[in-house]
Amino acid sequence: DRATAPRISVIGSGYLGATHAAAMAELGFEVVAADPDAAKIAAFQAGVVPFYEPGLDELLARHLDSGRLRFTTDTADAVAAADIHFVCVGTPQRATSHAANLDYVEAAVAEVARSLTHDGVIVGKSTVPVGTAERMRELATALAPAGIDVELVWNPEFLREGKAVGDTLHPDRVVVGGASARAEALLRELYAGPISEGAAFVACDLPTAELVKVSANAFLATKISFINAIAEICTAAGADVRTLADAIGYDPRIGRAFLDAGLGFGGGCLPKDIRALMHRSGELGALQAVGLLQQVDEINMGQRQKVIDMTLQAAGGSVLNRRIGVLGAAFKPLTDDVRDSPALNVAAALHLRGAQVGVFDPAAGETGRRMFPTLSFVDGVAAAAQASDVLLVLTEWDDFSDADPAELAQVVHHRTVIDARNCLDRGAWEAAGWTVIGLGVGDAP
Ligand code: UGA
Numbered sequence: 024d025r026a027t028a029p030r031i032s033v034i035g036s037g038y039l040g041a042t043h044a045a046a047m048a049e050l051g052f053e054v055v056a057a058d059p060d061a062a063k064i065a066a067f068q069a070g071v072v073p074f075y076e077p078g079l080d081e082l083l084a085r086h087l088d089s090g091r092l093r094f095t096t097d098t099a100d101a102v103a104a105a106d107i108h109f110v111c112v113g114t115p116q117r118a119t120s121h122a123a124n125l126d127y128v129e130a131a132v133a134e135v136a137r138s139l140t141h142d143g144v145i146v147g148k149s150t151v152p153v154g155t156a157e158r159m160r161e162l163a164t165a166l167a168p169a170g171i172d173v174e175l176v177w178n179p180e181f182l183r184e185g186k187a188v189g190d191t192l193h194p195d196r197v198v199v200g201g202a203s204a205r206a207e208a209l210l211r212e213l214y215a216g217p218i219s220e221g222a223a224f225v226a227c228d229l230p231t232a233e234l235v236k237v238s239a240n241a242f243l244a245t246k247i248s249f250i251n252a253i254a255e256i257c258t259a260a261g262a263d264v265r266t267l268a269d270a271i272g273y274d275p276r277i278g279r280a281f282l283d284a285g286l287g288f289g290g291g292c293l294p295k296d297i298r299a300l301m302h303r304s305g306e307l308g309a310l311q312a313v314g315l316l317q318q319v320d321e322i323n324m325g326q327r328q329k330v331i332d333m334t335l336q337a338a339g340g341s342v343l344n345r346r347i348g349v350l351g352a353a354f355k356p357l358t359d360d361v362r363d364s365p366a367l368n369v370a371a372a373l374h375l376r377g378a379q380v381g382v383f384d385p386a387a388g389e390t391g392r393r394m395f396p397t398l399s400f401v402d403g404v405a406a407a408a409q410a411s412d413v414l415l416v417l418t419e420w421d422d423f424s425d426a427d428p429a430e431l432a433q434v435v436h437h438r439t440v441i442d443a444r445n446c447l448d449r450g451a452w453e454a455a456g457w458t459v460i461g462l463g464v465g466d467a468p
């Protein structure tokens with residue numbers, strides 16, 4: 024048996040990799056995190072998290088200090104210093120299809136395998152189409168230097184942005200696919216802390232592990248599109264989807280989580296994961312899955328169009344030269360991530376129709392501006408609301424639900440707010456003279 028604890032390398036230092044690296048250091052292991060982006064690595068090494076993720080800066084500072092965590096641009100260096108290699112690179116949607124782009128995963132696995140200086144275990148964490156891991160195993164075996172033993176397992180990650188640190192340190196479950204008895208023991212050792220706290224440990228084969236991940240996200244996406252479909256009925260029938268969600272959510276078989284109707288899901292995961300799963304299901308001939316996922320995607324994208332149409336209507340048929348105040352740019356609160364952000368999607372569409380759009384987000388102003396340089400980003404809720412004909416709440420930051428409707432009433436042109444996340448205290452806003460239009464809460468479409 025080993026005299027010392029296994030050492031860890033983490034390949035890819037994005038939201039997932041950086042959080043995983045810092046969390047593994049917190050769990051007591053020695054960790055080297057690698058990324059080819061020199062500016063990013065320099066930031067981390069200087070104790071600066073180059074994106075918004077609550078709590079990650081403290082964890083980073085603690086383990087730069089403890090000496091258990093360091094960063095490098097040199098993958099080979101990271102691999103040489105470790106026994107277990109986590110692959111945490113992105114698998115974005117391809118530009119020309121719904122398929123996942125696996126170039127980064129392939130390159131990472133190949134580079135780790137080639138760089139091995141002693142026996143090691145490669146642990147895939149990236150979200151991949153089912154069947155990828157088996158190919159990566161063959162690739163790793165083929166590229167590992169002669170005489171060096173390499174194993175490849177898949178250990179999907181379920182962290183949420185904005186809650187990444189807590190989710191990583193206290194996962195609901197640890198799923199490990201394709202592990203030998205030796206690798207399984209190693210993974211159990213790495214996750215001993217969370218397991219002792221009650222995280223379930225699920226050992227399975229490679230394809231099951233890959234599918235657990237995307238099925239979880241597909242189910243969450245389905246819950247959201249389901250409640251948005253029900254919200255459509257609620258609007259037509261004059262019912263209130265929030266009370267309805269609470270009421271059905273008391274049934275533990277249903278559960279209240281992920282039943283908030285509104286602008287729908289975005290971000291770097293749910294949209295691209297359901298599309299990649301749709302694509303892969305098609306390849307595998309699983310056509311019912313294709314149909315279901317297509318509906319989920321369509322309902323979701325339809326919510327954005329619905330809010331655009333509601334805005335047009337609230338502005339009197341056209342937004343040309345109208346001032347539209349937009350509260351929210353991030354795809355959800357507590358992140359500066361604007362990948363596939365429903366909020367920015369709506370803001371950009373209104374801008375294209377000739378509206379003067381002023382956007383405020385407490386964290387995503389910078390990332391938003393980089394993605395949509397033609398949109399005007401302003402500083403503060405009041406600045407976004409200033410002289411607006413219609414005010415839109417597109418991300419449910421506390422800053423927006425906490426804003427004072429009476430104060431905002433003073434600065435707008437028209438007191439009309441579209442609460443696309445159903446997050447405002449409607450009574451308080453109405454008392455301040457506002458017309459509040461929500462989604463699925465009985466307001467006319
Ligand atoms: C999601 C999953 O929740 C994680 O478990 C998973 O690990 C991650 O993807 C991933 O694959 O990496 P994340 O993308 O950070 O995490 O965001 P979520 O908290 O899931 O929210 C996704 C979107 O759904 C947001 O746009 C949010 O506004 C929307 N949403 C969420 C709703 O519209 N209604 C709800 O009731 C809940």
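Per full-length UniProt numbering, the sequence shown runs over residues 24 to 468. For glycine and all other residues, C-beta sits at the position ideal for the given N, C-alpha and C.
Pairs of beta-carbons, one from the region 363–373 and one from the region 301–309, closer than 8 Å: are there three or more? Result no; under three Cβ-Cβ pairs closer than 8 Å.
Simplified DSSP state of W452, which is helix, strand or coil: For this step, residue 452 is matched to residue 429 along the sequence shown. In this structure, W452 counts as helix in the three-state DSSP scheme.
Is R265 helix, strand or coil by DSSP? In the sequence shown, counting from the first residue as 1, residue 265 sits at position 242. If DSSP states are grouped into helix, strand and coil, R265 belongs with the helices.
Quick check: what's the CA-CA separation for S341 versus L335? To locate residue 341, count along the sequence shown from 1; it is residue 318. To locate residue 335, count along the sequence shown from 1; it is residue 312. In a straight line, the C-alpha of S341 is about 5 Å away from that of L335.
With distances taken Cα to Cα, identify the nearest neighbour of V464 among A204, G325, C257 and D274. Within the sequence shown, residue 464 is the residue found at index 441, counting from 1. Restricting attention to A204, G325, C257 and D274, the CA atom closest to the CA of V464 is found in C257.
For the ligand UGA, is there a heavy atom less than 7 Å away from the beta-carbon of G285? Sequence index remark: in the sequence shown, residue 285 carries index 262 (1-based). Checking the Cβ of G285 against the ligand UGA gives yes.
The ligand UGA heavy atoms versus the CB of L243: any closer than 7 Å? Locating residue 243 in the sequence shown gives position 220, counting from the first residue. For L243, the Cβ falls inside the 7 Å cut-off from some heavy atom of the ligand UGA.
Going straight from the alpha carbon of A338 to that of A239, what length do you get? What you label residue 338 is simply residue 315 of the sequence shown in a count that begins at 1. What you label residue 239 is simply residue 216 of the sequence shown in a count that begins at 1. Distance between the alpha carbons of A338 and A239: 39 Å.
Three-state secondary structure (DSSP) of P108: If you number the sequence shown from 1, residue 108 lands on position 85. Reading off the sequence shown, one finds His at residue 108, where the question assumed Pro. Taken through DSSP and simplified to helix, strand or coil, H108 comes out as strand.
Kindly indicate which residue of V188, A187, D190 and E212 has the alpha-carbon position closest to the one of residue 470. Nothing can be reported for residue 470: it is not among the residues displayed for the chain, which extend from 24 to 468.
With H, G and I counted as helix, E and B as strand and the rest as coil, what does DSSP make of F354? Indexing the sequence shown from 1 puts residue 354 at position 331. The answer is coil: DSSP assigns F354 none of H, G, I, E or B.
To test your reading of the DSSP string, which unbroken alpha helix (DSSP H) runs of 4 or more residues are found completely within the region 71–110? The region 71–110 contains these whole alpha helix (DSSP H) runs: 79–88 and 98–103.
Who are the Cβ neighbours of R303 in its own chain at under 7 Å, not counting the five residues just before and after it? One-based indexing of the sequence shown puts residue 303 at position 280. For R303, where only same-chain residues beyond five positions count, the Cβ hits under 7 Å are P152 and V153.
Who are F383's beta bridge partners in DSSP? Along the sequence shown, read from residue 1 onward, the residue named residue 383 stands at position 360. Answer by DSSP bridge pairing, in chain order: L350.
Three Cβ pairs or more, each shorter than 8 Å: is that satisfied between the region 153–168 and the region 180–187? Per the Cβ contact rule, the region 153–168 is not in contact with the region 180–187 (fewer than 3 Cβ pairs under 8 Å).
So, using beta-carbon positions, are I34 and F94 closer together than 8 Å? Counted from its first residue, the sequence shown places residue 34 at position 11. Counted from its first residue, the sequence shown places residue 94 at position 71. F94 sits away from I34, with the two beta carbons spaced by 8 Å or more.
Can E81 be considered in contact with the ligand SAH, in the sense that its beta carbon sits closer than 7 Å to one or more heavy atoms? This structure simply doesn't include the ligand SAH; it includes the ligand UGA instead.
I'd like to confirm the pairing. Which residues does DSSP put opposite T258 in its beta bridges? Residue mapping note: residue 258 aligns to position 235 of the sequence shown, counting from 1. In the DSSP output, where bridge partners are listed per residue, T258 has none listed.
Shortest alpha-carbon distance to G289 belongs to which of A122, S248 and L79? Here residue 289 corresponds to residue number 266 of the sequence shown, with the count starting at 1. Closest by alpha carbon: S248.
Decide yes or no for the touch test of the region 399–417 against the region 426–437: beta carbon pairs closer than 8 Å, at least 3 of them. Taking a cut-off of 8 Å on C-beta distances, the region 399–417 touches the region 426–437, as three or more cross pairs fall below it.
Let me check one thing: in DSSP terms, what residues is V146 bridge-paired to? Residue mapping note: residue 146 aligns to position 123 of the sequence shown, counting from 1. For V146, which the question treats as bridged, DSSP gives the partners F109 and V176.
Can you tell me where the alpha helix (DSSP H) holding R137 begins and where it ends? Translated into the one-based positions of the sequence shown, residue 137 becomes position 114. Per DSSP, R137 belongs to the alpha helix (DSSP H) from D126 to S138.
Below 8 Å between beta carbons: does that hold for L166 and A133? Residue mapping note: residue 166 aligns to position 143 of the sequence shown, counting from 1. Residue mapping note: residue 133 aligns to position 110 of the sequence shown, counting from 1. Result yes, Cβ atoms of L166 and A133 sit closer than 8 Å.
Considering only heavy atoms of the ligand UGA, does any lie closer than 7 Å to the CB of I322? Residue mapping note: residue 322 aligns to position 299 of the sequence shown, counting from 1. No, Cβ of I322 sits at least 7 Å from all heavy atoms of the ligand UGA.
Between D296 and the ligand UGA, is there a pair consisting of the residue's CB and a ligand heavy atom that are separated by less than 7 Å? Mapped onto the sequence shown, residue 296 falls at position 273. True, at least one ligand heavy atom lies under 7 Å from that Cβ.
Nearest to K329 (by Cα), restricted to the options A366, A123 and K246: Position 306 of the sequence shown, counted from the first residue, corresponds to residue 329. When only C-alpha atoms are compared, the closest one is A366.
Are the region 265–280 and the region 351–358 touching, with three or more C-beta to C-beta distances below 8 Å? Put simply, the region 265–280 does not touch the region 351–358. Fewer than three CB pairs are less than 8 Å apart.
Cα-Cα, which of K246, V434 and T397 is closest to A410? Looking up residue 410 in the sequence shown gives position 387. Measuring from the Cα of A410, the nearest candidate turns out to be V434.
Whole-angstrom distance between T119 and S32, CA atom to CA atom: Position 9 of the sequence shown, counted from the start, is the residue given in the question as residue 32. Position 96 of the sequence shown, counted from the start, is the residue given in the question as residue 119. Near 33 Å, if we compare the C-alpha coordinates of T119 and S32.
Between which two residues does the alpha helix (DSSP H) holding S120 run? Locating residue 120 in the sequence shown gives position 97, counting from the first residue. Under the DSSP assignment, S120 falls outside any alpha helix (DSSP H); it carries neither an H nor an E label.
Can you give the Cα-Cα distance for E389 and V72, rounded to whole angstroms? Here residue 389 refers to the residue found at position 366 when the sequence shown is read from its first residue. Here residue 72 refers to the residue found at position 49 when the sequence shown is read from its first residue. Whole-angstrom Cα-Cα distance: 15 Å.
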